[in-house]
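In what follows, a single structure is set out as C-alpha cells and then discussed.
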Amino acid sequence: MTRVPEVLLRHRIRIEPYLADTAYGPAVDAVPALVDPSPRMVRAPGGREFTAVATFIAAPDLDCPLGSRITLPDGRTATALTLAPPCSPRSSRPSLYGSQLRVSTLRTTEC
C-alpha cells in the first residue's frame with residue numbers, strides 16, 4: 004500500500020478524541036489532513052444513512068474514535084460519524100486511500 008505524502012495533506016484540523024459518554028480527551032491541534040467539504044451520503048455503524056458534511060483523510064495512526072469532536076479548517080465543528088481504517092495486507096478489499104484513515108463528519112455548527 005502507498006501512503007499519501009504529507010505535502011498533499013494540506014489542511015490542518017483539530018481533534019478532541021471521544022473517550023466516554025460525555026468526555027473528550029485533550030485536543031490535538033494542527034493535524035495534517037486532506038479535507039473534502041462536499042456533502043455525501045454515508046452509512047453509520049448502526050446502518051442508518053446520514054449526510055456527512057465533510058470527509059477527510061489523515062495518517063493511519065491518528066487517534067480519532069467515533070464521536071470525536073473535529074474542528075475543520077473553516078472553523079466549523081463536527082462529530083466523527085464513520086471511520087474507514089486502512090485495509091490490512093490480508094484484506095481482499097482494495098482501499099482508494101492506500102494506508103490513510105478516512106473519516107466522515109456530521110452535525111456541524113458554526114463557531
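4 is the number of the first residue of the sequence shown in my numbering; add one for each residue after it. Think of the CB as a built atom: it goes at the ideal place given N, C-alpha and C, for glycine as much as any other residue.
Three-way DSSP call (helix, strand, coil) for residue i in this model
| i | result |
| --- | --- |
| L11 | helix |
| Y66 | Sequence check: residue 66 is Asp here, not Tyr. Reduced to three states, the DSSP call for D66 is coil. |
| P35 | strand |
| R105 | strand |
| A26 | coil |
| L84 | strand |
| R93 | Confidence at R93 is low in this model, with a pLDDT of 48, below 50, so the placement of that residue should be treated as unreliable; the coordinate-derived value is given next. The answer is coil: DSSP assigns R93 none of H, G, I, E or B. |
Selection from the options that minimises the alpha carbon distance to residue i
| i | options | result |
| --- | --- | --- |
| P68 | G50, A87, E52 | A87 |
| R79 | L11, V10, P40 | P40 |
| V38 | P48, R15, S71 | R15 |
Classification of residue i by the beta-carbon crowding that lies within 10 angstroms, buried from 16 upward
| i | result |
| --- | --- |
| R13 | exposed |
| A23 | exposed |
| L65 | buried |
| A83 | buried |
| A26 | exposed |
Test item: CB-CB of residue i and residue j under 8 angstroms
| i | j | result |
| --- | --- | --- |
| A36 | A61 | yes |
| V106 | T58 | yes |
| R17 | T85 | no |
| E52 | R43 | no |
| E19 | A33 | no |
Close Cβ partners of residue i (< 8 angstroms) along its chain, the five nearest in sequence each way excluded
| i | result |
| --- | --- |
| S91 | Model confidence at S91 stands at a pLDDT of 49, short of 50, so the residue's coordinates are unreliable; what they give is reported in the following sentence. Closer than 8 angstroms at the Cβ level, and outside the excluded window around S91, lies no residue. |
Cut-off 6 angstroms between Cβ atoms - residues of its own chain near residue i, not counting five sequence neighbours on either side
| i | result |
| --- | --- |
| G50 | none |
Contact set for residue i: own chain, Cβ-Cβ below 7 angstroms, skip 5 residues either direction
| i | result |
| --- | --- |
| G2 | It is not possible to answer for residue 2, since the shown part of the chain is limited to 4 through 114. |
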